[in-house]
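Shown next, in structure tokens, is the structure this report addresses.
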Amino acid sequence: IIGADAVGFSTVQEVIAGVHAGMRILGLSVITNIHDPENPSQSSIDEIIETARTATPKIEVIMRKVINQID
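Number 63 in the numbering used here belongs to position 50 of the sequence shown; there are no gaps in the numbering.
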């Protein structure tokens, strides 16, 4: 209904603060909890943690490449 594919809750304040501090911002999020309004179901904290744990090595590769581009 809001026209988004994903919504991140934890980066907005950090981005606003960084922009006010004159920083250039790159946001990177991992979707760990999927909510389908058509088929509501509860995600367990264990599922969410496992999804984040699985994504960690992939995110590390991406971040290393980004950092190498900056240096």
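Virtual Cβ for every residue (Gly too), placed ideally from N, Cα, C. These numbers come from a predicted model, not from an experiment.
Through-space distance from glutamine 26 to isoleucine 61, alpha-carbon basis: Against the sequence shown, residue 61 aligns to sequence position 48. Against the sequence shown, residue 26 aligns to sequence position 13. Taking the straight line from one Cα to the other gives about 22 Å.
Which listed residue (Asn46, Thr64, Phe22 and Ala65) has its alpha carbon closest to that of serine 56: Start at 1 with the first residue of the sequence shown, and residue 56 comes out as number 43. Ranking Asn46, Thr64, Phe22 and Ala65 by Cα distance to serine 56 puts Asn46 first.
C-beta contact flag for isoleucine 38 and valine 28 at 7 Å: Numbered from 1 along the sequence shown, position 25 holds the residue referred to as residue 38. Numbered from 1 along the sequence shown, position 15 holds the residue referred to as residue 28. The answer is yes: Cβ separation under 7 Å.
Presumed contact (8 Å Cβ cut-off) between threonine 24 and serine 42, rounded CB distance: What you label residue 24 is simply residue 11 of the sequence shown in a count that begins at 1. What you label residue 42 is simply residue 29 of the sequence shown in a count that begins at 1. Confirmed, about 7 Å.
Residue span of the alpha helix (DSSP H) that contains aspartate 59, given as start and end: In the sequence shown, residue 59 corresponds to position 46, counting from 1. Residues 58–83.
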